[in-house]
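Have a look at the structure below before the remarks.
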Amino acid sequence: AYDSRLVKSGYLFVAIKGFSVDGHTYIKDAINRGGVGVVVETIQDVQTDTSVVQVEDSRKALAFLSAAFYGEPSKRLSLIGITGTNGKTTTSYIIRNILETWGEKTGLLGTINYIIDKKVLTPSHTTPESLDLQRYLAEMADIGTRYAVLEVSSHALELQRVGRCSFKIAAFTNFSQDHLDFHKTMKEYFSAKSMLFDHLGNDGIAVLNHDDPEIRGLAAGLNCNVVTCGIEEGAMLRAENIKEPVANDMAQAVPDGLSFDIRTPEDRFTVESELIGHFNVYNILMSVGIAYALGIDRDTIIEGVRTAKAVEGRFEKIDEGQEFNCIIDYAHTEDALKNLLKSARLITGRRIITVFGCGGDRDRTKRPKMGAAASGLSDLVVITSDNPRTEGPMEIIRDITRGIKKGEYIVRPDRAGAIREAVSMAGKGDTLLIAGKGHESYQEISGIKHPFSDKQVVKQAIRDLKPACRQARSKIKDQ
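Note that the sequence shown ends on residue 462 in our numbering; no numbers are left out.
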């Protein structure tokens, strides 16, 4: 165990130095609970007769011990690891659907859910701690699961959470600024992401976004087969003839998804998807690239893409009968916000109203950049709180507004109030974007997670503030 509270008689306790808590301070508690041994980094922290093993990196030791304890489950599965600043979740859900369409039982560990057969768990991290990860993988392998799709965060790679995992596929979706509170520089951040390829097995395959110059540069240095995906010339799998829904002037778009051709070295075929947004062309492409690397046939790929559902909180449409588009999205980086706004513009006949904030205790340097992106691509921005955590909401908001040089914006620190005000201002043909939290069901303030859902708040606001929506809903109920 790495949490002393979970130690029982006969357990080995691995003391890990966390961000705010050092496990070495809980060694005595672990021993009192029945622990028979401890793994430590600093021997002077241990004052006990219990067996002690000193290691250079206790996180790495935990990963190796966990894999051994559960019988090296990654060797009984084909692991698909997906890293990247944005797009990991949607890509993972699409490839899982393609694999299930292919007839393969497939597990998933990611930001929104951990899925093990019929069991769906709420995640603690995008990528679980190594002990939990190995347990989940063993559980998958024991019930006959063949494939496991993992979202692999840069934190997980840096902190050895996927240590002793052998991947069949390692995919890199895109790269842009995020997590500089942890990695300090873009070079360190990219290096952490790239560590995923060190975990490829002997027959492993890398799937890369060809259109991202940083990622494209990786290909030459990889000692494995590489599949590249993109829109630009030179990609092994290339998207062509892309068709996206576009709004008519002063009218609300009725988005009907994406359609485009995919050219491979051997073939050419068309895929259709209910997903919306140009960025989803890349998510679909990466999923198809993974499927192609696995040797999945074109008909299965086409059907798997066609039947893949939109992911909760990822360009999620809210329809309460209102006369404007309403979209909730997890976009919490400058690049993701720009992509979201550019895609929204295509389906917007009139104004874009954007509600967003930035997370506290995270990379401060991206805040003014996100403010500039939102104001430059929106008609009105409502700046509010996201998850302020231990920071003051107004301090975060001031950082955001420093980047705004043009455009109209208002500040409303209360997120629920900001959403309600934005709904009251939205008119026919407008698009209301609520960005940053997506699927999250909480808002973290002063270290406490309070129940909060953008979806629930905006739905209730539309019902309360738009009489026409109430009338439309009443008619539906009466029929």
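Note that the Cβ used here is the ideal one computed from N, Cα and C, for glycine as well.
Cutoff 6 Å; reference residue i; Cβ partners in own chain excluding five residues on either side
i             : result
arginine 350  : Cys341, Asp382 and Ile383
aspartate 369 : Gly340, Cys341, Gly342 and Gly419
valine 36     : Val22
threonine 471 : The first residue shown for the chain is -16 and the last is 462, placing residue 471 beyond what the model contains.
aspartate 12  : Ser(-13)
glutamate 306 : Lys411
proline 106   : Tyr97
Residue burial classification, residue i (beta-carbon count within 10 angstroms, cutoff 16)
i               : result
proline 371     : buried
valine 406      : buried
glutamate 391   : exposed
glutamine 117   : buried
threonine 84    : buried
arginine 251    : exposed
phenylalanine 2 : exposed
histidine 182   : buried
threonine 89    : buried
methionine 233  : Residue placement at methionine 233 is poorly supported in this model, since its pLDDT is 40, which falls under 50; the coordinates are not used for a value here.
threonine 367   : buried
histidine 166   : Confidence at histidine 166 is low in this model, with a pLDDT of 49, below 50, so its placement is unreliable and the value that follows should be read with caution. Per the 10 Å Cβ criterion, buried.
lysine 411      : exposed
leucine 268     : buried
glutamine 235   : With a pLDDT of only 46 at glutamine 235, under 50, the local geometry of the prediction cannot be trusted, and no value is derived from it.
glutamine 439   : exposed
valine 441      : buried
Boundaries (first-last residue) of the beta strand (DSSP E) holding residue i
i             : result
histidine 433 : 431 to 434
alanine 131   : 130 to 134
glutamate 223 : 220 to 226
lysine 151    : 150 to 155
leucine 104   : 102 to 104
arginine 246  : 241 to 246
serine 256    : 251 to 256
serine 34     : 34 to 37
Three-state secondary structure (DSSP) of residue i
i                 : result
threonine 463     : Examination of residue 463 is not possible in this model, given that the chain is present from -16 through 462 alone.
leucine 45        : helix
glycine 213       : strand
leucine -5        : strand
threonine 89      : strand
glutamine 426     : strand
leucine 191       : strand
asparagine 263    : helix
tyrosine 392      : strand
arginine 463      : Lying outside -16 to 462, the shown extent of the chain, residue 463 is not represented and no answer is given.
valine 271        : helix
tyrosine 172      : helix
glycine 1         : coil
glycine 64        : strand
phenylalanine 307 : coil
tyrosine 97       : strand
aspartate -12     : A quick correction: the sequence has arginine, not aspartate, at residue -12. Arginine -12: helix per DSSP, three-state reduction.
aspartate 186     : strand
valine 145        : coil
leucine 114       : helix
Alpha helix (DSSP H) segment containing residue i, residue limits
i              : result
valine 19      : No alpha helix (DSSP H) holds valine 19; DSSP gives it neither H nor E.
threonine 283  : 281 to 290
glutamate 141  : 137 to 141
leucine 448    : 437 to 448
arginine 199   : 196 to 199
asparagine 370 : No alpha helix (DSSP H) holds asparagine 370; DSSP gives it neither H nor E.
aspartate 181  : Aspartate 181 -> no alpha helix (DSSP H), and no H or E assigned at all.
glycine 415    : Sequence check: residue 415 is leucine here, not glycine. It is not in any alpha helix (DSSP H) - leucine 415 instead sits in the beta strand (DSSP E) that spans 414 to 418.
asparagine 80  : 71 to 84
serine 358     : 349 to 360
Contact set for residue i: own chain, Cβ-Cβ below 8 Å, skip 5 residues either direction
i            : result
glutamate 39 : Glu24
Proximal residues to residue i (C-beta, below 7 Å), its chain only, five neighbours per side dropped
i             : result
serine 436    : Ser424
arginine 347  : Asp382
glutamate 295 : Ile95 and His422
glutamate 286 : Thr84
glutamate 223 : Phe243, Asp244 and Arg246
glutamate 197 : Phe158 and Phe173
Interface flag, residue i vs chain B, CB-CB below 9 Å
i           : result
alanine 131 : Protein chain content of the structure displayed is limited to a single chain, and chain B is not contained in it.
Expected contact under 8 Å - CB spacing of residue i and residue j to nearest Å
i              : j             : result
arginine 129   : glutamate 87  : 5 Å
glycine 93     : threonine 109 : 6 Å
alanine 357    : threonine 337 : 5 Å
histidine 433  : glutamine 426 : 5 Å
valine 135     : threonine 74  : With 8 Å as the limit, valine 135 and threonine 74 do not qualify as a contact, their Cβ atoms being about 12 Å apart.
valine 464     : isoleucine 78 : Because the chain here runs from -16 to 462, residue 464 falls outside it and cannot be looked at.
leucine 140    : alanine 175   : 5 Å
alanine 314    : tyrosine 76   : Not confirmed; about 17 Å, so no contact.
leucine 241    : serine 256    : 5 Å
proline 111    : arginine 144  : 7 Å
asparagine 308 : leucine 415   : 7 Å
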